[in-house]
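Each protein sequence line maps, in turn, to chains X and F.
Take the position in the first sequence, starting the count at 1, then add 9; the result is the number in my numbering.
Take the position in the second sequence, starting the count at 1, then add 57; the result is the number in my numbering.
No residue lacks a Cβ here, since even glycine has one placed at the ideal position from N, Cα and C.
These numbers were taken from a predicted model, which means no experiment stands behind them.
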Amino acid sequence: MKRYLTIPILLSLALTACTSDESPSSAPPETAAHAAHLTAGGAAGPESLGTVTDMSLYNLESDWKTQAGESIRLVNLKGKVQIVAMVYTSCTYACPRIVADLKRIETSLEKVKRQDVGIVLVTMDPANDTPAQLKTFAAANKLEADRWVLLTGEDAAIQELAVLLNMKYKKAPNGDIAHSNIISVLNANGEIIHQQEGLGVEPDETVKAIEGLLL
Amino acid sequence: MLSRLLIVLMMAGVCYKAQAQKSLPQNMVNVKGGTFVPLYGDENGPVEVQSFLLDAYPVTNAEYAAFLEKNPKWNKGEVKKIFADENYLRHWANGQNIGPDAGKISNSPVVNVSWFAAKAYCECQGKRLPTVAEWEYTALASETKANAANDDKFYQRSLDWYSQPNPKYLPPVQQGFRNYYGAYGMIGLVWEWTQDFNSALLIGESRSDASLDRQLFCGSGSSGAKDVKNYVAFMRYAFRSSLKANYTVGNLGFRCAQSKKNASIKPAKRPAI
């Protein structure tokens with residue numbers, strides 16, 4: 010009997026893979042509603058998923074956790090301009106400089122309203138970067154929770170987002186991750202409208218792109 | 058008990074065919090693990106590849122059409138542009154139909170598919186795309202040797218293929234040569250998507266501007282190559298590095314892989330029924 014049972018188990022596992030592709034109507038996790046600062050105009054329900062534009066990163070339906078341990082989908086970031094970068098917290102060289110670059114952009118945004126722009130850091134190292142670790146990192150770097158969202162998710166989800174952000178990365182056996190350094194600006198619909206490549210880049214162009222969306 | 062089983066079977070209709078195989082799934086080959094030195098690898102030397110299963114053939118137009126029947130979200134004309142660009146399935150008539158060329162290309166590799174589409178196809182079969190390391194490791198094999206890296210004739214044949222223009226109609230997948238592992242047409246049919254195509258060309262974290270749009274291959278990229286003679290691998294790495302996940306290309310197809318541990322049946326989590 011046991012032998013026959015394994016088949017349906019396998020079958021239903023396969024089913025998950027297929028139907029998750031087929032059912033974009035499934036609602037974001039309930040807890041997302043509590044992450045009020047992440048959404049414009051309240052909780053993002055299925056109806057807001059329906060209005061995701063063709064080139065929006067919010068077409069990705071993966072599940073993520075914030076530094077506060079909240080479950081969200083990327084569509085919960087919809088409604089405001091988001092500045093997005095990928096890092097990992099045990100990274101000693103490039104990532105602190107990316108965070109510094111993001112802060113530099115942030116301080117140059119005095120013309121726009123604070124609540125109109127969010128900053129999103131996505132880890133490339135979910136095994137080490139738990140929500141708790143992200144929280145510690147946020148505190149150590151004085152990343153204020155009303156503006157900075159730090160995200161971790163499954164490897165596959167991270168890779169999907171990474172390829173859409175044109176990020177290249179490769180994990181070395183020693184735990185280091187070689188990666189590109191890109192800061193992306195998303196409009197309120199989640200479409201990439203500007204990318205800044207490299208470290209220590211003057212923030213002018215990026216700031217101009219953000220102001221162009223909001224002023 | 059029986060009704061529960063029935064429900065599961067009904068629900069699983071989409072993918073059950075691929076999963077019904079228990080031991081070695083149909084048309085997959087066993088690639089015995091080992092180590093190899095990739096063209097662009099870690100400075101630490103050889104890379105280890107675990108034993109895995111790989112599709113014997115690239116996915117064909119007919120197989121892809123069958124996938125679309127169950128997953129209309131990926132139909133030509135319906136797929137979101139962020140997941141597949143405007144040339145998606147451009148060699149097909151429309152929607153789910155291969156069109157007038159069906160007689161000629163049903164059994165040929167499907168091309169003009171994006172990374173997202175290829176990935177969705179494989180996941181629907183309970184599989185995944187092979188990694189760059191897995192793909193390159195398998196492609197080292199000639200008909201008779203697991204590693205034909207030092208076989209001049211084998212190398213020359215690969216080079217000859219890469220220097221030929223694409224035929225108007227790609228040949229059936231069975232026409233590719235069968236390598237040591239039983240995989241057909243790793244070289245000689247089409248280029249193929251890999252799971253981590255976006256991992257190529259990163260040599261070190263100190264490269265502050267490592268990014269897709271810089272022409273790294275014209276600069277220090279090429280000097281980091283392990284075996285400068287291996288121009289065919291060089292071309293594959295260069296090609297991968299030029300891709301974005303929604304790109305579709307007229308000679309770029311894919312085949313799926315499966316990790317060994319997933320291939321064996323183990324009592325995993327009970328499904329939520």
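The DSSP-derived three-state label of Arg147 of chain F is coil. Secondary structure at Phe311 of chain F: coil, using DSSP grouped into helix, strand and coil. Inter-segment contact for the segment 106 to 125 of chain X and the segment 204 to 211 of chain X is present: three or more beta-carbon pairs are separated by less than 8 Å. Interface flag for Trp172 of chain F against chain X is set, since a Cβ pair is found closer than 9 Å. Scanning chain F for C-beta atoms nearer than 9 Å to the C-beta of Asn68 of chain X yields Lys137, Ile139 and Phe140, reported in chain order.
For Gln315 of chain F, not one C-beta of chain X is nearer than 9 Å to its own C-beta.
For Phe254 of chain F, a Cβ of chain X is located within less than 9 Å of the residue's own Cβ. For Val189 of chain F, no beta strand (DSSP E) encloses it; the enclosing alpha helix (DSSP H) starts and ends at Val189 to Ala196. Within chain X, no residue has its beta carbon less than 7 Å from that of Ala190 of chain F; the closest one is some 10 Å off. The bridge partners DSSP lists for Trp248 of chain F are F:Leu309.
Scanning the segment 94 to 178 of chain X from its first residue to its last, the whole beta strand (DSSP E) runs of 3-plus residues come out as 126 to 132 and 157 to 162. Contact between the segment 181 to 194 of chain X and the segment 84 to 104 of chain X is established, with three or more Cβ pairs separated by less than 8 Å. Taking a Cβ-Cβ threshold of 7 Å, the residues of chain X close to Ala302 of chain F are Val172 and Leu173, in chain order. For Phe234 of chain F and Ala198 of chain F, the gap between their C-alpha atoms comes out near 11 Å. Inter-segment contact for the segment 173 to 180 of chain F and the segment 211 to 220 of chain F is absent: fewer than three beta-carbon pairs are separated by less than 8 Å. Close to Asp63 of chain X, with beta-carbon spacing below 7 Å, are these residues of chain F in chain order: Lys137, Lys138 and Ile139. Any Cβ of chain F closer than 9 Å to the Cβ of Glu169 of chain X would place that residue at the interface, and such an atom is present. The segment 84 to 97 of chain F makes no contact with the segment 129 to 149 of chain F, as fewer than three CB pairs between them are under 8 Å.
Residue environment analysis places Ser165 of chain F among the buried positions, since at least 16 neighbouring C-beta atoms fall within 10 angstroms of its C-beta. Ala314 of chain F sits close to Thr188 of chain F, with the two beta carbons spaced by under 9 Å. The Cβ atoms of Asp164 of chain X and Pro135 of chain X lie closer than 9 Å to each other.
According to DSSP, residue pairing for Glu105 of chain F in a beta bridge involves F:Thr92. Put simply, the backbone Cα of Lys74 of chain X is about 19 Å away from that of Leu173 of chain X. Judged by their CB atoms, Ile155 of chain F and Asn68 of chain X are not nearer to each other than the 9 Å cut-off. For Val136 of chain F, the closest alpha carbon among the candidates F:Val170, F:Asn84, F:Lys318 and F:Ser298 is that of F:Val170. By the CB criterion at 9 Å, Met133 of chain X and Ile81 of chain X fall outside the cutoff. Judged by DSSP in its simplified three-state form, Asp217 of chain F adopts helix.
Sorting X:Asn175, X:Glu214 and X:Leu195 by C-alpha distance to the C-alpha of Ser299 of chain F places X:Asn175 at the top. Membership of Ala187 of chain X in any alpha helix (DSSP H) is not indicated; the residue belongs instead to the beta strand (DSSP E) covering Ile186 to His188.
For Asp72 of chain X, the enclosing beta strand (DSSP E) covers residues Asp72 to Thr75.
Buried is the label assigned to Tyr178 of chain X, since at least 16 other Cβ atoms lie within 10 Å of its Cβ. Assigned with DSSP and collapsed to three states, Asp112 of chain F falls in strand. For Ile201 of chain X, the three-state secondary structure derived from DSSP is strand.
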